[in-house]
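*Asks:* Below is a structure I'd like to ask you about.
Residue numbers (the numbering used here), protein chains in the order written: chain A, 1051 to 1386; chain B, 1051 to 1386.
Here is the structure:
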């Protein structure tokens, strides 16, 4: 009998998740029905969005039911199939769960992947996956920064932020990143080619705003916001006229009260726009975006980093690293 | 000698303005130079934006200097002129000051007005002035609501809000207004033809949000925000997918700390947009908008209200009414 090891939600976390909010279970691997296939998951994507799915209201997806394995994008190999187009041995990715075996079905998120096109299958959870697509459409469809524009990115050393900055540089924009600590700031410049880096640690809105003003003397034309709170309020004080803020994430809020933003008046003064962004807006263009990102990697125009933790036992520590900021690159959990 | 009575800023207010922040002065009327004309102001527009101009940072315009008369739009009659196109006896409007006599120059805000086209010259400070234009471009250029859309307006009984609602109704949208107290809510329905009215008084975000949800069961496609604070946070909890929020004003913040908004996460969940709006974005279309508003009034398709206070001695009480919510219609100060 095949055993399915699962990272199951035991109770809804309050604030930062703790060990007692989850349990690891072992169950018989599920039987597949007509139109289904069994996936042996190799890797799971550990994303900040998972935290929202644990709350009673979910976020833009329904909450993970208590007693069920935690939702995550995974990549793996089809073990058995009763679904046309998915054969044993095929590599697939989909929105599944943190578990060793998932049932796959034909849906908008599940599709085959060509692992020969990328340096490692994990690329489909990072540069060629949701993270990379989020950056691609954010830069090239939503913002479209040009060579006269300054783009400010919070969470800039993160998986999405580091790609957003590189893609904006490829369009000729000036790119300034906000990150936590000198090591990450150095990586923004040295590895990702940002024009300037700002360490937010220990700074209030006024101090961070002053640093942004120094790095962006003509104001900021685009803000790519992954963090919220102090970062967002400081960015709001440095908008150029007609600026656009893309709200991609608010990681500073995910384990506590919604801080929101105080300096909204600046949107009016600068006739600026704040736009909420979900990758699913561009579902119809996923193949195009994936190809573009794979090509850029192949051409050596993009670098990306992955932080792989080993084993389902480390699912919680991997998730917590995102909120501690101790991951270096896209957080991925190896399940095999 | 002609005396110029002026409402002068004596010191910058902290919170709600008080009598000691201003003084009334009498000075000789100014001499006109080449390219200038002297305006006998008949009416001044008393707007929430004036409060921001009294602060050290101003808002989207420079602060009023201490010792100078307070900035306001006025309408009046040319008394003498050394400027082609402006002759004695002409009615004009412009961004001038709260004073009986202003120097006029040819600029983007100063132009002649046809008082025969409107029921009263004051219309150029209300339905055919900045207030009316703000509503016109906000509805017909920025939002463009259609018959399948629900529009939520805060400060709905105010000068701008009441026109926004009527213009949106003319496009077939469902219109719901938020106002303070039962009398204003009744006016929204009975006089301005709104579909529903919500009294915000005494309600926290949760209670106001529940009322909005009742009035807008399918969510809100457009929010026209004049107030901020509790109103904005409650609106954010009721967005339909792809909703657009127009930030036209945040009157709840003008005399205190910036409350901002906490529920920004909803922008992301609903892939919604919040857009700061200044009328000056549409400066090039002012003649077109003015004609449209005058025509709608002439056709009986729009009603509007003006609240006229008599005399420059009442400049401060008139301003304070805006923040107390005790004006009924566009606040105008009669200066003659």
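Where a beta carbon is used, it is the ideal one built from N, C-alpha and C, also for glycine.
Output, in sequence order along the chain, the residues in the region 1309–1336 of chain A whose CB is closer than 9 Å to any CB in chain B.
*Replies:* Within the region 1309–1336 of chain A, contact with chain B at the beta-carbon level (separation under 9 Å) is assigned to 1309, 1310, 1311, 1312, 1313, 1314, 1315, 1316, 1317, 1318, 1319, 1320, 1321, 1322, 1323, 1324, 1325, 1326, 1327, 1328, 1330 and 1331.
*Asks:* Tell me which residues share the same chain as residue 1079 of chain B and place their Cβ nearer than 6 Å to its Cβ, disregarding the 5 neighbours each side in the sequence.
*Replies:* Within the second chain, numbered from 1, the residue matching residue 1079 of chain B stands at position 29. Same-chain partners within the cutoff: 1052, 1054 and 1151.
*Asks:* Nearest by alpha-carbon distance to residue 1139 of chain A: which of A/1145, A/1207, A/1228 and A/1087 is it?
*Replies:* Reading the first chain from its first residue, position 89 is the one you call residue 1139 of chain A. It is A/1087 whose Cα lies nearest to the Cα of residue 1139 of chain A.
*Asks:* Mapping DSSP to helix, strand and coil, what is residue 1360 of chain B?
*Replies:* Position 310 of the second chain, counted from the first residue, corresponds to residue 1360 of chain B. Here residue 1360 of chain B sits in strand by DSSP.
*Asks:* Using a C-beta to C-beta distance shorter than 8 Å, which residues of chain B count as neighbours of residue 1303 of chain A?
*Replies:* On the first chain, residue 1303 of chain A is found 253 positions in, with the first residue counted as 1. Residues of chain B with a Cβ closer than 8 Å to the Cβ of residue 1303 of chain A are, in chain order, 1315.
*Asks:* What number of angstroms, rounded off, separates the C-alpha of residue 1356 of chain A from the C-alpha of residue 1056 of chain A?
*Replies:* Working through the first chain from its first residue, we reach residue 1356 of chain A at position 306. Working through the first chain from its first residue, we reach residue 1056 of chain A at position 6. Distance between the alpha carbons of residue 1356 of chain A and residue 1056 of chain A: 23 Å.
*Asks:* Verify the CB distance criterion: does residue 1109 of chain A have a CB-CB separation below 8 Å to chain B?
*Replies:* Within the first chain, residue 1109 of chain A is the residue found at index 59, counting from 1. Yes, contact with chain B.
*Asks:* Could you check which residue in A/1145, A/1262 and A/1155 has the C-alpha nearest to that of residue 1082 of chain A?
*Replies:* Reading the first chain from its first residue, position 32 is the one you call residue 1082 of chain A. When each option's Cα is compared against that of residue 1082 of chain A, the closest is A/1155.
*Asks:* If you reduce the DSSP assignment to three classes, tell me which class residue 1170 of chain A lands in.
*Replies:* Start at 1 with the first residue of the first chain, and residue 1170 of chain A comes out as number 120. Of the three classes helix, strand and coil, the one that applies to residue 1170 of chain A here is coil, per DSSP.
*Asks:* List, in order along the chain, the chain A residues whose C-beta lies closer than 9 Å to that of residue 1300 of chain B?
*Replies:* On the second chain, residue 1300 of chain B is found 250 positions in, with the first residue counted as 1. Result: 1314, 1315 and 1318.
*Asks:* Would you tell me roughly how many angstroms separate the C-alpha atoms of residue 1244 of chain B and residue 1223 of chain B, rounded to the nearest one?
*Replies:* Position 194 of the second chain, counted from the start, is the residue given in the question as residue 1244 of chain B. Position 173 of the second chain, counted from the start, is the residue given in the question as residue 1223 of chain B. Distance between the alpha carbons of residue 1244 of chain B and residue 1223 of chain B: 10 Å.
*Asks:* Residues of the region 1283–1299 of chain A with a CB closer than 7 Å to any CB of chain B: list them in chain order, please.
*Replies:* Of all residues in the region 1283–1299 of chain A, 1297 have a Cβ within less than 7 Å of some Cβ in chain B.
*Asks:* Using only the alpha-carbon positions, how far apart do residue 1106 of chain A and residue 1113 of chain A sit?
*Replies:* Counting from one through the first chain, the residue named residue 1106 of chain A turns up at place 56. Counting from one through the first chain, the residue named residue 1113 of chain A turns up at place 63. Rounded to whole angstroms, the separation of the alpha carbons of residue 1113 of chain A and residue 1106 of chain A is 6 Å.
*Asks:* Could you give the distance in angstroms between the alpha-carbon of residue 1101 of chain B and the alpha-carbon of residue 1305 of chain B?
*Replies:* Locating residue 1101 of chain B in the second chain gives position 51, counting from the first residue. Locating residue 1305 of chain B in the second chain gives position 255, counting from the first residue. About 8 Å.
*Asks:* Alpha carbon to alpha carbon, what distance is there between residue 1212 of chain B and residue 1074 of chain B?
*Replies:* Locating residue 1074 of chain B in the second chain gives position 24, counting from the first residue. Locating residue 1212 of chain B in the second chain gives position 162, counting from the first residue. Cα to Cα, residue 1074 of chain B sits roughly 33 Å from residue 1212 of chain B.
*Asks:* From the DSSP secondary-structure annotation, give me the bridge partner or partners of residue 1272 of chain A.
*Replies:* As a first step, residue 1272 of chain A must be located in the first chain, where it is residue number 222. Answer is A/1201 and A/1294.
*Asks:* Does residue 1089 of chain B pass the burial test, meaning 16 or more other C-beta atoms within 10 Å, or should it be called exposed?
*Replies:* For the purposes of this step, residue 1089 of chain B is identified with residue 39 of the second chain, where counting begins at 1. Result: buried.
*Asks:* Extract the residue ranges of the beta strand (DSSP E) inside the region 1303–1341 of chain B, only unbroken runs of 3 or more that lie entirely within it.
*Replies:* 1323–1326
*Asks:* Give every residue of the same chain whose Cβ lies closer than 7 Å to the Cβ of residue 1259 of chain B, excluding the five residues on either side of it in the sequence, and list them in chain order.
*Replies:* In the second chain, the residue the question calls residue 1259 of chain B occupies position 209. Residues 1284, 1287 and 1288 of the same chain have their beta carbon placed closer than 7 Å to that of residue 1259 of chain B, with the five preceding and five following residues left out of the count.
*Asks:* Quick one, are the C-beta atoms of residue 1294 of chain A and residue 1381 of chain A less than 8 Å apart?
*Replies:* Indexing the first chain from 1 puts residue 1294 of chain A at position 244. Indexing the first chain from 1 puts residue 1381 of chain A at position 331. Taking 8 Å as the Cβ cut-off, residue 1294 of chain A and residue 1381 of chain A do not qualify as a contacting pair.
*Asks:* Measure the CB-CB distance between residue 1266 of chain B and residue 1202 of chain B and report whether it falls below 8 Å.
*Replies:* Taking the second chain and counting its residues from 1, one reaches residue 1266 of chain B at position 216. Taking the second chain and counting its residues from 1, one reaches residue 1202 of chain B at position 152. It is a contact, given that the beta carbons lie within the stated cut-off.
*Asks:* Does any heavy atom of the ligand SAM sit closer than 7 Å to the C-beta of residue 1298 of chain B?
*Replies:* The model on display carries no ligand, and the ligand SAM is accordingly not part of it.
*Asks:* Using DSSP bridges, identify the partner residues of residue 1152 of chain A.
*Replies:* Reading the first chain from its first residue, position 102 is the one you call residue 1152 of chain A. Answer by DSSP bridge pairing, in chain order: A/1089.
*Asks:* For the beta strand (DSSP E) that residue 1244 of chain A lies in, which residues bound it at each end?
*Replies:* The count along the first chain starts at 1 and reaches residue 1244 of chain A at position 194. Looking at the DSSP string, residue 1244 of chain A is not in any beta strand (DSSP E), and its letter there is neither H nor E.
*Asks:* Buried or exposed: where does residue 1207 of chain B fall if 16 or more other Cβ atoms within 10 Å of its Cβ makes it buried?
*Replies:* Indexing the second chain from 1 puts residue 1207 of chain B at position 157. Residue 1207 of chain B should be labelled buried.
*Asks:* When the Cα of residue 1121 of chain A is compared with those of A/1137, A/1127, A/1248 and A/1099, which residue comes out closest?
*Replies:* As a working note, residue 1121 of chain A is residue 71 in the first chain. Closest by alpha carbon: A/1099.
*Asks:* If you follow the beta strand (DSSP E) that residue 1224 of chain A is in, where does it begin and where does it stop?
*Replies:* Numbered from its first residue, the first chain carries residue 1224 of chain A at position 174. Run containing residue 1224 of chain A: 1224–1229, per the beta strand (DSSP E) assignment.
*Asks:* Helix, strand or coil: which one does DSSP assign to residue 1232 of chain A?
*Replies:* Translated into the one-based positions of the first chain, residue 1232 of chain A becomes position 182. Three-state result, residue 1232 of chain A: helix.
*Asks:* Which class does residue 1067 of chain A belong to by DSSP, given the choice of helix, strand or coil?
*Replies:* Here residue 1067 of chain A refers to the residue found at position 17 of the first chain. Here residue 1067 of chain A sits in coil by DSSP.
*Asks:* Can you list the beta strand (DSSP E) stretches of 3 or more residues lying completely in the region 1079–1140 of chain A, in chain order?
*Replies:* 1086–1095 and 1121–1131
*Asks:* Using a Cβ-Cβ cutoff of less than 7 Å, which residues in the same chain neighbour residue 1153 of chain B once the five nearest sequence positions on both sides are dropped?
*Replies:* Taking the first residue of the second chain as 1, we reach residue 1153 of chain B at position 103. Take residue 1153 of chain B, set aside five residues on each side of it, and the residues of its chain with a beta-carbon closer than 7 Å to its own are 1080, 1082, 1086 and 1088, in chain order.
*Asks:* Please classify residue 1333 of chain B: is it buried, with 16 or more other beta-carbons within 10 angstroms of its beta-carbon, or exposed?
*Replies:* Here residue 1333 of chain B refers to the residue found at position 283 of the second chain. Residue 1333 of chain B should be labelled exposed.
*Asks:* Express the C-alpha separation of residue 1084 of chain B and residue 1279 of chain B in angstroms, rounding to a whole number.
*Replies:* Taking the first residue of the second chain as position 1, residue 1279 of chain B is located at position 229. Taking the first residue of the second chain as position 1, residue 1084 of chain B is located at position 34. C-alpha separation (whole angstroms): 48 Å.
*Asks:* Are the beta-carbon atoms belonging to residue 1372 of chain A and residue 1092 of chain A less than 8 Å from one another?
*Replies:* The residue you call residue 1372 of chain A lines up with position 322 of the first chain. The residue you call residue 1092 of chain A lines up with position 42 of the first chain. Contact flag unset, no.
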